[in-house]
Amino acid sequence: MTNLPASLTTFEIKVPQTCEITPEAMEACFKTLPRIYTNFLDRIMGRQQAMAFEIVVVNQRIYFFATIPTQIASYFTSQLVAQYPQALVNKVSDFMPYFINPKQMKTATENNSFGQMTLTHPFYLPLKTYADFTNIDPLSTILGNLAKLNPKDKALIQILVSAPPSNWQAVGKSVANSTIPTSDPQKSIPHPQKHLIEKKIAQIGFQVGIKLLAISQSKTQSDLILTNIAGSFASIAHGEGNSLELKTPFFWQKTGFIKSFFTRNPSFTPRNHIFTATELATIYHLPNINLANIKNIAWGGTLKGEAPENLPIAWNLTEAGKQQINFFAKTEFKNKYMTYGIKKVDRRKHVYIIGKTGTGKSTLIANMAINDMRNGEGLAIVDPHGDLCDIILDYVPKNRINDVVYLDPNDTNRPFRLNPLQVNQIEQADLITSGIVAIFQKLFSYSWGPRLEYILRNTLLTLTQIPNTTMLDVTRILTDESFRNKIIDKIQDQTLKNFWKNEFNKLDSRARQEAISPILNKVGQFIMSPKIRLILENPQSSLDLDEIMNTGKILLLNLSQGKIGEDNAALLGAMFITKIQLAAMNRVNISEEKRRDFYLYVDEFQNFATSSFIKILSEARKYRLNLAVANQYIGQVNEDIQKAIFGNVGTLISFLVGAADASILKQEFSNLYEENDLVSLDNFTIINKLSIDNKTSTPFAGKTLPLPANKNQNREKVIRVSQEKYGKANKKPAQIINVNPLAKAHELLVKKPEANEIAPSPFIKEISNDRRSQAEQALCKLSQKGILNRPYNYQAKAKIVNQNTNKIENKTEEKENNTKQKSTNSAQNLSQQKKNNPSQNSSENKRTGFVVEVQD
């Protein structure tokens with residue numbers, strides 16, 4: 064048997080580094096321990112019970128543990144906390160299986176070093192105790208040796224405490240009262256250690272075994288570690304009394320000896336190995352400020368601030384009660400580490416998470432989202448990196464596979480469809496327009512102007528009122544007069560109609576082109592990506608955000624910037640957030656108590672933080688849209704959004720931050736923490752203040768939970784099911800480039816050189832094959848002039864579309880080179896024909912065309 068018996072419970076004990084409590088407190092604790100006696104039969108069968116007090120070194124960290132019989136565990140912890148009020152006593156799983164693999168016992172006995180410290184003289188002679196030291200902690204020598212271990216070394220000091228023989232004091236008293244004969248037979252002298260013996264037997268005693276274990280990469284190194292640890296006990300050797308020496312087990316005892324570390328069995332303890340409570344407290348007591356200079360001790364928290372009395376904790380809750388709380392961290396609560404979280408009702412006041420990269424923000428969000436999924440809640444995650452979505456996919460419960468809406472813009476085989484301009488109610492047009500304009504303004508603030516915003520806003524408002532229009536039509540309505548006139552005829556809003564008729568159409572050619580050039584440039588950057596066009600080209604969205612929110616589905620938006628670009632990710636994410644806001648506002652006709660809570664998580668939210676975000680923070684609560692937003696530092700968002708965050712957010716969670724943020728957060732935390740506290744937090748350590756029962760708590764410190772260990776194996780199925788439900792097969796990839804005629808670009812440069820500064824759309828709809836060479840030259844000139852944002856590789860495969868047969872053929876680079884001269888000559892002939900007979904040219908354009916695949 065190598066497992067910890069069910070009758071034992073292990074506790075990890077920590078005290079703050081500022082602790083000033085002396086070993087006397089531990090002595091008092093030992094004196095109150097009940098005696099655990101083992102009957103004769105159990106002793107014969109090796110079923111002796113003992114308490115184990117252990118000092119462990121793993122990964123260059125020194126920990127203090129106590130493994131106590133379960134029936135007295137509660138009593139022990141209460142007595143320990145009475146002596147050490149600042150101690151954290153946390154129930155933990157047994158560390159031994161991580162220390163030594165139970166399945167490799169033979170290897171453990173051969174490669175590791177172990178033994179036990181035994182008294183060199185009879186038990187009634189005392190050891191030196193802490194009372195004999197002045198301004199020095201007797202543990203300093205032992206811990207100093209342990210602190211020097213290498214990262215891969217491990218060490219254990221296991222002190223087993225059980226009831227002593229009932230006659231130990233009588234034996235000691237008999238010896239103390241004995242005399243020593245002298246040369247005179249008539250005379251004798253008292254025992255020379257009488258005073259020492261009487262002092263020891265006057266105290267409470269325990270049967271004590273001190274076992275040592277050292278593990279290293281070689282037997283030689285582990286032997287050296289064992290010897291050094293044993294040597295450090297020399298500090299408590301008593302000149303006139305007792306001392307300790309290392310004894311190793313015989314070869315036939317080795318396996319049993321190793322197993323006894325796991326079971327905490329005291330069967331290897333020598334008979335009559337008696338220590339007093341004072342001696343026991345000398346070799347095992349909790350560290351204090353006198354040991355603060357020893358590195359690597361695992362101290363308890365030193366941050367100020369106590370968790371509030373009404374903290375929502377997991378302890379003693381039913382399963383139904385736990386589902387009303389989202390658990391995300393642990394903190395010291397009444398001398399124990401307790402798991403705590405935020406109640407559902409308090410999450411409606413939103414959560415703001417701040418901290419430097421790599422400190423644990425994404426893990427926190429992932430844990431909260433996983434908790435929501437398991438509790439059957441609806442949620443959405445907007446992830447600009449993709450890592451968060453990857454984590455979540457590993458934890459989707461089997462019963463929620465059909466609830467997942469996984470959206471990946473990088474999936475071009477079955478892309479999802481989103482039309483940001485699609486509105487169910489015309490009253491929503493202003494909100495949609497404002498959201499899109501705001502994100503363009505955020506991205507291009509360096510070149511933004513009132514005229515640009517005026518034209519773009521009216522363009523978007525117009526398209527929201529015309530069915531079956533998309534973002535791809537923004538450039539078309541500005542450059543294609545025929546298309547624009549058709550749209551104007553359908554406009555019902557007289558103000559918008561007047562804008563197009565009386566303002567836009569009356570601009571002369573140069574003024575109009577100067578006005579629309581920056582819009583074409585900025586919108587073009589967004590819709591020029593083939594991946595983005597696949598998403599935006601369809602007038603009908605493939606997902607219903609109202610239905611997603613109201614039925615509690617799980618929306619995962621993977622906006623990996625490395626795959627679609629930072630600006631594209633920001634634009635697409637902001638559009639989704641605006642659409643989610645609209646879906647929330649559509650709940651206005653649902654009574655508030657029937658509105659289902661929906662949780663929106665936005666990592667690195669500064670990428671999507673526009674002026675419209677302020678409205679979400681202030682109004683989303685009444686629609687039960689509950690936000691949890693995270694970013695790295697406050698300065699990433701403008702001052703208005705900062706005010707909206709600190710003015711509306713109920714729960715604030717801070718990881719490690721920089722000095723500038725620390726000065727702001729110090730005030731938010733009521734000056735309870737200094738700036739130095741906030742800039743020196745460990746990873747996964749937080750300072751937070753929670754909304755509890757609609758009131759803000761005092762700030763306190765905590766440790767965020769690690770990700771759950773039990774992953775699901777549903778990732779592939781989740782993605783496949785979501786693609787089938789929300790993705791549309793991309794059967795004609797060559798026809799995705801369908802915006803503005805390239806002929807416009809060619810005419811602007813070749814026929815109208817005075818208009819070279821215009822920035823037509825870089826996309827091709829239809830153009831005759833014979834004009835292809837000139838079209839390529841036109842785009843090259845646009846690129847060279849800086850009007851296009853990036854050059855294009857026209858040596859890539861071109862895809863020829865035959866409009867009569869709808870067949871798509873691949874035309875390779877080699878074929879292009881062979882026909883290049885012929886195409887140039889044909890283009891010149893067609894150019895002359897166009898001058899003489901424009902209608903013939905138009906007819907030819909309708910018969911054949913081609914699409915150039917723009918490389919990202």
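The end of the sequence shown is residue 919 by the numbering used here, with every number in the run present.
The beta carbon of each residue, even a glycine, is placed where N, CA and C say it ideally should be.
* At least 3 beta-carbon pairs within less than 8 Å: the region 447-461 vs the region 766-785 -> Output reads yes: the region 766-785 touches the region 447-461.
- Message: Tell me the residue span of the alpha helix (DSSP H) that contains residue 548.
- Response: Its alpha helix (DSSP H) spans residues 544-553.
What's the gap between the Cα of residue 894 and the Cα of residue 582? Reliability of the predicted coordinates at residue 894 is poor, the pLDDT of 46 falling under 50, and the value obtained from them is presented with this limitation in mind. Rounded to whole angstroms, residue 894 to residue 582 spans 30 Å at the Cα level.
*Does the count of Cβ pairs from the region 437-445 and the region 655-667 closer than 8 Å reach three?*
Contact between the region 437-445 and the region 655-667 is present, with at least three C-beta pairs closer than 8 Å.
**Q.** residue 671 versus residue 741: straight-line alpha-carbon distance, rounded
**A.** The straight-line gap from Cα to Cα measures roughly 26 Å.
For residue 677, which option in 666, 700, 696, 694 has the closest C-alpha, if you only look at C-alpha atoms? If we check each option's Cα against that of residue 677, 700 comes out closest.
| Which term fits residue 79, buried or exposed, when burial requires 16 or more other beta carbons within 10 angstroms of its beta carbon? | Residue 79 is buried by the Cβ-count criterion.
Exercise. Could you say which of 213, 266, 469, 577 lies nearest to residue 233 if we only look at CA atoms?
Key: If we check each option's Cα against that of residue 233, 266 comes out closest.
Taking the straight line between their C-alpha atoms, what separation do you get for residue 139 and residue 611?
For residue 139 and residue 611, the distance between alpha carbons rounds to 52 Å.
- Query: Mind checking if residue 527 is an interface residue toward chain B, Cβ cutoff 8 Å exclusive?
  - Reply: Here there is only one protein chain, and chain B is not present.
(message) With three or more beta-carbon pairs closer than 8 Å as the criterion, would you say the region 343-361 touches the region 716-730?
(response) Fewer than three beta-carbon pairs drawn from the region 343-361 and the region 716-730 are found closer than 8 Å, and the two stretches are therefore not classed as touching.
Beta-carbon contacts of residue 562 that lie in its chain and below 7 Å, excluding the five residues immediately before and after
Taken in chain order, the residues that qualify are 521.
- request: For residue 633, I'd like the list of residues in its chain whose CB is within less than 7 Å of its CB, leaving aside the five on either flank, ordered along the chain.
  value: The answer, listed in chain order, is 502, 506, 670, 671.
Checklist entry - What residues in its chain sit with their C-beta under 6 Å from that of residue 579, if we drop five residues either side in the sequence? => result Closer than 6 Å at Cβ, skipping near neighbours: 541.
Between which two residues does the beta strand (DSSP E) containing residue 403 stretch? Residue 403: member of the beta strand (DSSP E) spanning 400-406, first to last residue.
* To do: Check residue 340 in the structure and name its three-state DSSP category.
  => Residue 340 falls in the helix class under three-state DSSP.
Contact under 8 Å by Cβ, residue 749 with residue 716 | Between residue 749 and residue 716, the C-beta gap is smaller than 8 Å, which places the two residues in contact.
Kindly identify the DSSP beta-bridge partner or partners of residue 692.
Answer is 415, 665, bridged to residue 692.
> Do the region 181-199 and the region 300-319 make contact, defined as three or more Cβ pairs closer than 8 Å?
Replying inline: As far as the Cβ criterion goes, the region 181-199 touches the region 300-319, which means the pair count is three or higher.
| message | For residue 755 and residue 375, which I take to be in contact (beta-carbon distance under 8 Å), what is that distance rounded to the nearest angstrom? | response | Rounded, the Cβ-Cβ distance is 7 Å, consistent with contact.
Identify, in the order they occur along the chain, each residue of the same chain with its Cβ nearer than 7 Å to the Cβ of residue 135, setting aside the five sequence neighbours on each side. If you ignore the 5 residues before and after residue 135, its C-beta comes within less than 7 Å of the C-beta of 97, all in its own chain and listed in chain order.
So, are the CB atoms of residue 770 and residue 226 less than 8 Å apart?
Not in contact: residue 770 and residue 226 (Cβ atoms no closer than 8 Å).
Exercise. Taking buried to mean at least 16 other C-beta atoms within 10 Å of its own C-beta, is residue 253 buried or exposed?
Worked result: Residue 253 comes out exposed.
Near residue 796, which residues of its chain fall below 6 Å by C-beta distance, leaving aside the five closest residues on each side in sequence? Confidence is the limiting factor: at residue 796 the pLDDT is only 47, short of 50, which leaves the residue's position unreliable, though a coordinate-based value still follows. Result list for residue 796: empty, nothing under 6 Å.
Quick check: what's the CA-CA separation for residue 93 versus residue 464? Residue 93 and residue 464 have their C-alpha atoms some 55 Å from each other.
Just to confirm, is the Cβ distance from residue 711 to residue 680 under 8 Å? In terms of Cβ geometry, residue 711 and residue 680 form a close pair [threshold 8 Å].
Distance, Cα to Cα, residue 260 vs residue 231?
For residue 260 and residue 231, the distance between alpha carbons rounds to 12 Å.
*Does the pairing of the region 761-768 with the region 782-789 give three or more beta-carbon distances under 8 Å?*
By the Cβ rule, the region 761-768 does not count as touching the region 782-789, because fewer than three pairs are nearer than 8 Å.
Practice problem: Quick one: residues in its chain with C-beta nearer than 6 Å to the C-beta of residue 470, no 5 flanking neighbours on either side, listed in chain order? | Solution: These residues qualify, in order along the chain: 479, 620.
Exercise for the section: For residue 389, write down the residues that DSSP places opposite it in a beta bridge. Expected result: For residue 389, which the question treats as bridged, DSSP gives the partners 405.
Query raised in the report: For residue 532, which option in 484, 543, 492 has the closest C-alpha, if you only look at C-alpha atoms?
Result: For the residues 484, 543, 492, the minimum Cα distance to residue 532 belongs to 484.
| query | Which first and last residues belong to the beta strand (DSSP E) in which residue 139 is found? | reply | Segment 133-146 is the alpha helix (DSSP H) holding residue 139; no beta strand (DSSP E) there.
Using beta-carbon positions only, say whether residue 144 and residue 74 come within less than 8 Å of one another. By the CB criterion at 8 Å, residue 144 and residue 74 fall outside the cutoff.
Checklist entry - Where residue 587 and residue 490 are concerned, what is the direct C-alpha to C-alpha distance, given to the nearest angstrom? => result One C-alpha to the other measures close to 27 Å.
Please classify residue 739 as buried or exposed, where buried requires at least 16 other C-beta atoms within 10 Å of its C-beta. Its Cβ having fewer than 16 others within 10 Å, residue 739 is exposed.
_For residue 270, tell me which candidate among 453, 339, 577 has the shortest Cα-Cα distance._
The residue with the shortest Cα to Cα distance from residue 270 is 339.
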